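Notes follow the structure.
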C-alpha cells in the first residue's frame, strides 16, 4: 500500500512541477516565454538555429527535448523533426569523434569524473546498448557519448544506435510541439518536455553507483 501511495505522490509531483514556473512567476513568465516562442523568424533561420543549438548540446547544457518540441511547434512536425534529428545527430557525432581522437582527458572537460564512472558501470553491465538506454536522458546521454568515444567504440556500433534513437526522439518531440501549437499550448509543452526528462535523469542517476562505489579506471 505504501509503495502505491509513494508512486501516486511522485506522479502528482511530476505533473505539478511544469506548472510551478507559471504559478510562481505569474503572467510575466508566460508572456516572456510566449514572446520568445512567437518571434518572427523565417523558417530557414529557425531551422538553422535549431540545428546549431542542438549541435552544441554535447558541450553545453542545452535542453534538447524542449528545443525539439519547439522545432515541431514552430516549423511543423516534419520539418521540425528533421531539424531536431540533424542537430542532435551532429552534436553526438562531433562529441564522439573528438572524444575518440583526444581520449578521456577531453571527455572529462565536458562530463564530470563521477558521470563518466557511472556510465562505465552501466557499460560494463549492458555494453553499447547503454547508448540506447540513455539517449533520452539529459546529462547521461552526453556523458555516454563522450565515454564511448574515449573508449574508442567502433563507428559502426555507435552510429546506428545514436542515429536511430535520435530519429525516434525527434519525431516524438516534434509531434508534441506540433500538437501543442495547434491548441496554443506550446509554452507549457516546452516546460513539460524540459522538466520531465530531467527528473527521470536525476532519478536514474540516484540509482547508479556513486563515485565511492565505482572502481577507479584509467
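Residue numbers (the numbering used here): 671 to 888.
Don't be surprised by glycine CBs; every beta carbon is placed ideally from N, CA and C.
Since this is a predicted model, take the numbers as computed values, not measurements.
**Message:** Can you list, in chain order, the residues of its chain with a C-beta nearer than 8 Å to that of residue 721? Leave out the 5 residues immediately preceding and following it.
**Reply:** 753, 756, 757 and 760
**Asked** If you run the structure through DSSP and keep just helix, strand and coil, what is residue 853?
**Response** coil
**Request:** Classify residue 824 as helix, strand or coil using the three-state DSSP reduction.
**Result:** For residue 824, the secondary structure class from DSSP, reduced to helix, strand or coil, is coil.
**Item:** Element boundaries [alpha helix (DSSP H), containing residue 770]
**Value:** 747-772
**Asked** Which class does residue 899 belong to by DSSP, given the choice of helix, strand or coil?
**Response** The requested residue 899 does not occur in the structure, where the chain is confined to residues 671 to 888.
**Prompt:** Relative to the alpha-carbon of residue 787, which residue among 768, 810, 824 and 806 has its alpha-carbon at the smallest distance?
**Reply:** 810
**Item:** Inter-residue CB distance, residue 819 and residue 765 (contact presumed, cutoff 8 Å)
**Value:** 7 Å
**Item:** Buried/exposed call for residue 853, threshold 16 Cβ in 10 Å
**Value:** With fewer than 16 Cβ atoms within 10 Å of its Cβ, residue 853 is classed as exposed.
**Request:** Along the alpha helix (DSSP H) that carries residue 797, what are the first and last residues, could you check?
**Result:** That residue, residue 797, is in no alpha helix (DSSP H); it is neither H nor E in DSSP.
**Asked** Can you check whether the CB of residue 763 is closer than 9 Å to the CB of residue 817?
**Response** no
**Message:** What does the Cβ neighbour count give for residue 801, buried or exposed, with the cut at 16 atoms within 10 Å?
**Reply:** buried
**Prompt:** Should residue 772 go down as buried or exposed, given a rule of 16 or more other Cβ atoms within 10 Å for buried?
**Reply:** exposed
**Item:** Pick from 743, 807 and 711 that is closest to residue 845, judged by C-alpha positions
**Value:** 743
**Request:** Note down the Cα distance separating residue 870 from residue 807, rounded to an integer number of angstroms.
**Result:** 7 Å
**Asked** Is the beta carbon of residue 739 sitting closer than 9 Å to the one on residue 860?
**Response** Judged by beta-carbon spacing, residue 860 lies within the 9 Å limit of residue 739, meaning their Cβ atoms are closer than that value.
**Message:** So, with DSSP's three-state summary, where would you put residue 830?
**Reply:** helix
**Three-state secondary structure (DSSP) of residue 871** = Secondary structure of residue 871 (DSSP, three-state): helix.
**Asked** At which residues does the alpha helix (DSSP H) containing residue 713 begin and terminate?
**Response** 713-725
**Request:** Kindly list the residues whose CB is nearer than 6 Å to the CB of residue 815, restricted to its own chain and excluding five residues on each side of it in sequence; keep chain order.
**Result:** 762, 765 and 766
**Message:** Mapping the DSSP letters down to three states, classify residue 693 as helix, strand or coil.
**Reply:** Summary for residue 693: the model assigns pLDDT 42, below 50, so the residue's position carries little reliability, and this model does not support an answer.
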